[in-house]
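Below is one structure; the comments refer to it alone.
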Amino acid sequence: MSLSPIGNSLSIRLPESAPSGTRTTLSEPPAQANNSRVDLLRARNELLQVYDALQRLADLMNIRTNFNVDVPNAVSASPLNIDLTTTASTLLSTEAINASPRSFTPFGPDWDNGSTALITVGGEYDGSIDSGPLSFEVRRPGVRGIDDLQIRAYEPDGNRIRTYDIRDDHPLDRQYNLRNGMFFTLGSGTLIDDDTAEIQISDSVGSVFNPNLPFNGVRNNNPNFQYYDDDPLDPIVDGSFELNGETIAVNADDTLTAIVDRINQSAAGVTANYNSVTEQIEFTQQSTGSAPSIDIQNDTSNLIVATKLSGASVVPGVDPETEVALQDVAALSSIVSGSFFVNGAEFTIDKATDSLNAVIQNINAAAVDVTASFDSTGKTVKLESSSETSFVIDSNGTNLFAALNMVDGRVDGEATGISRRRAYAVADQIEDAFGALNALFTNGSFKDGADHTGVFRNVLANAVDDAFKRSRSDALFGLNFDTGKAAKQRGYFAGFDRQDFTQNLRRNGGDVKRALAGSDGSGGLVNDLGSAAVQALRNINEALGLRANYIDTFA
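Sequential numbering from 1149 applies to the sequence shown in this note's numbering.
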């Protein structure tokens, strides 16, 4: 018998075989007891069953590659040196909502002696006078809007700024210029003679916006948006703006904190935050990568200008290098535009536009019986057969698979284990072969006992003994044999623990393959038993006086 690869299977062949299904011509049998002839014919049938079972078992093996042809796969030999860092797009105020480097406080000082016509200070201190207390003094008392009133203002050093005449016909919102970037207004009520009030001005402490005060707050409820003398901000009014297509309502009496909460509860896909350190409002896309953006449109509330978002630019998110064009990834820059092949199917690749993920998606979208994937933990690419057959990968000059730390060519299965279905199929053939072997070694199967059974038993027993001597064990992955006299008497020559065997097949397929088929597919228990079965058939053939070498399986 010879063992040779045929496709992906092992073939056990009888030499000088006649066509299957034919019957050979037998010579006249030698003079021997009729019972012995019957026994040898019975043994021949059992041997043919052993042979058939071994043939089917061999057909389940892939001699050219490994015993396991469950799911052939190719995996990057080493991790790819790519950066998987990803960030989200952001948008933030161009600067602090109130970026003035100087300040004054409070916006609404109280009079020391109980005047009820209250001063409200506005504008932006320009630093033209010294820091310190800027004071107000009532020089002409009376009722606002009825009497002509007079207030005098003093610099921190005591120098008079100006004496202001407040006529009875002046509107309540009339602004009186303090000549240092600031102004004041005087509300309704009365002024008491010689009453005083003051504010503190500073050229070293910057102004601070308060996100918890209402947009339309006055005097000491003013949130302190930055003031622009040459182009004052329009007041925030009831309205709305669109954020990524979602309408965000704005009320004049809202606070910025309330707007931030409203955005975060919306379906805009953006997280908003007020940074109290930088005094900026920050928007962050909830989806990472460069594609998801932040888009603000149609503001009717004036909030976007006031918070300095109108001139802001979106900073795109960073994509992981699996989503970046191949030419822009250092580890993949050696890839050349062109075509590559997987299992014979052609795929085009453009290094300027295609990413690694795009390559993987293109493979998976094609009917090539191969699935591609990327392991972000190990940073490896895997190509896995959808069936139990080998497949071929070919860079075709693009250098794709070399860049992925793979080798072009045929991809076969791993020897780590096999599928449950295949393990059970192998076990079925083992059971068939062992059942026939046990019949050959059971004395009760033969009419004349064991006197003439050596012609077939000895060669089989020697083959088994040799195999187990190589393994240096009495058991082999759930297989065991006993060729002793006691075994023959009880009819138990070949033992088989099916559960142990199938578990070993699934977990240690490579080791089982080496035991059954040899490390190179030309030895092992299956080959030894197959050769022994052929030799035993020849011995029986000679004993029966058969002229042909072929043993007719239909005899």
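The beta-carbon is built from N, C-alpha and C at its ideal position, and this holds for glycine as well.
Source: prediction; values computed, not measured.
Buried or exposed (CB count within 10 angstroms, at least 16 for buried), residue i
i       : result
Asp1467 : buried
Pro1371 : buried
Tyr1422 : buried
Tyr1273 : buried
Ala1684 : buried
Ser1175 : Low confidence applies to Ser1175: its pLDDT is 30, below 50, so where it sits in the model is not reliable enough to give any reading.
Ala1478 : exposed
Gly1393 : exposed
Phe1215 : Below a pLDDT of 50, predicted positions are generally treated as unreliable, and Phe1215, at 31, falls in that range; no measurement from the model is reported.
Leu1673 : buried
Thr1333 : buried
Asn1689 : buried
Ala1397 : exposed
Ala1500 : exposed
Val1507 : buried
Ser1461 : exposed
Ala1691 : buried
Val1555 : exposed
Gln1413 : exposed
Asn1491 : buried
Thr1470 : buried
Ser1543 : buried
Asp1402 : buried
Val1516 : buried
Ala1415 : exposed
Gly1337 : exposed
Gln1577 : buried
Among the options, the one whose alpha carbon lies nearest that of residue i
i       : options                               : result
Ser1503 : Gly1459, Phe1539 and Ala1551          : Ala1551
Asp1486 : Asp1377, Glu1690 and Gly1545          : Correcting the residue type first, residue 1486 is Gly in the shown sequence and not Asp. The shortest C-alpha separation from Gly1486 is found at Gly1545.
Leu1326 : Pro1464, Arg1315, Asn1510 and Val1269 : Val1269
Ile1309 : Asn1446, Thr1419 and Leu1282          : Leu1282
Ile1267 : Pro1304, Ala1500, Ala1581 and Tyr1312 : Tyr1312
Phe1495 : Ala1514, Val1366 and Ala1478          : Ala1514
Asp1317 : Pro1362, Val1674, Arg1300 and Gly1335 : Gly1335
Asp1382 : Ile1407, Ala1681 and Thr1455          : Thr1455
Arg1686 : Gln1651, Val1607 and Gly1329          : Val1607
Ser1276 : Ala1420, Asn1328, Asp1305 and Arg1287 : Asn1328
Thr1650 : Tyr1302, Pro1254, Ala1415 and Val1574 : Val1574
Asp1498 : Asn1547, Gly1557 and Met1554          : Asn1547
Gly1387 : Phe1363, Arg1367 and Asp1321          : Phe1363
Gln1428 : Ser1524, Ser1458, Asp1402 and Thr1436 : Ser1458
Ser1237 : Ser1424, Val1418, Asp1523 and Val1682 : Val1418
Asp1676 : Arg1646, Ala1420, Ala1609 and Ala1691 : Ala1609
Ile1347 : Ile1340, Gly1337, Arg1410 and Pro1254 : Pro1254
Phe1489 : Val1518, Asn1368, Asn1229 and Arg1315 : Val1518
Ile1511 : Ile1541, Ala1406, Gly1306 and Arg1287 : Ile1541
Leu1391 : Glu1194, Glu1471 and Asn1446          : Asn1446
Gln1298 : Ile1340, Gly1306 and Gly1271          : Ile1340
Gly1354 : Leu1361, Phe1373, Asp1305 and Phe1549 : Phe1373
Pro1289 : Gly1271, Thr1264, Asp1305 and Asn1307 : Thr1264
Val1463 : Val1198, Leu1239 and Asn1229          : Leu1239
Asn1360 : Met1330, Arg1322, Asp1351 and Asp1409 : Asp1409
Arg1367 : Ile1230, Asp1343 and Gly1271          : Gly1271
Pro1304 : Asp1321, Arg1315, Asp1278 and Leu1320 : Asp1278
Glu1285 : Phe1331, Thr1233, Leu1320 and Asp1342 : Asp1342
Ser1350 : Ser1248, Gly1465, Ala1473 and Ile1578 : Ser1248
Leu1474 : Val1385, Ile1384 and Phe1549          : Phe1549
Phe1252 : Thr1436, Gly1280 and Leu1228          : Gly1280
Gly1262 : Ala1345, Val1198, Ala1681 and Asn1229 : Ala1345
Sheet register partners of residue i (DSSP bridge)
i       : result
Asp1313 : Gln1298
Pro1440 : Bridge partners of Pro1440: none, in fact.
Asp1402 : DSSP, once it has assigned bridges, lists no residue as partnering Asp1402.
Tyr1422 : Ile1429
Thr1238 : Thr1432 and Val1463
Leu1391 : Glu1394 and Ile1444
Ser1538 : BP columns for Ser1538 are empty, so no partner.
Leu1282 : Ile1347
Ile1407 : DSSP, once it has assigned bridges, lists no residue as partnering Ile1407.
Residue i Cβ short of 6 Å to the ligand ZN heavy atom set
i       : result
Ala1439 : Absent from the structure shown: the ligand ZN. Ligands present: none.
### Task
Tell me, please, whether the region 1468-1486 touches the region 1417-1434 by the rule of three or more beta-carbon pairs shorter than 8 Å.
no
### Message
Ignoring anything shorter than 3 residues, give me the beta strand (DSSP E) runs that lie fully in the region 1484-1536, in order along the chain.
### Response
1486-1490, 1493-1497, 1518-1523 and 1528-1533
### Task
May I have a chain-ordered list of the beta strand (DSSP E) segments no shorter than 3 residues that lie completely inside the region 1317-1386?
1330-1334 and 1344-1350
### Query
If we count Cβ pairs, one from each stretch, closer than 8 Å, do we get three or more for the region 1446-1466 versus the region 1255-1266?
no
### Task
Evaluate the contact criterion for the region 1290-1304 versus the region 1239-1249: three or more CB pairs, one atom per stretch, below 8 Å.
no
### Task
Could you tell me whether the region 1374-1381 touches the region 1437-1448, where touching means 3 or more Cβ pairs closer than 8 Å?
no
### Query
Is it true that the region 1525-1534 meets the region 1224-1239, where meeting means three or more beta-carbon pairs spaced less than 8 Å apart?
yes
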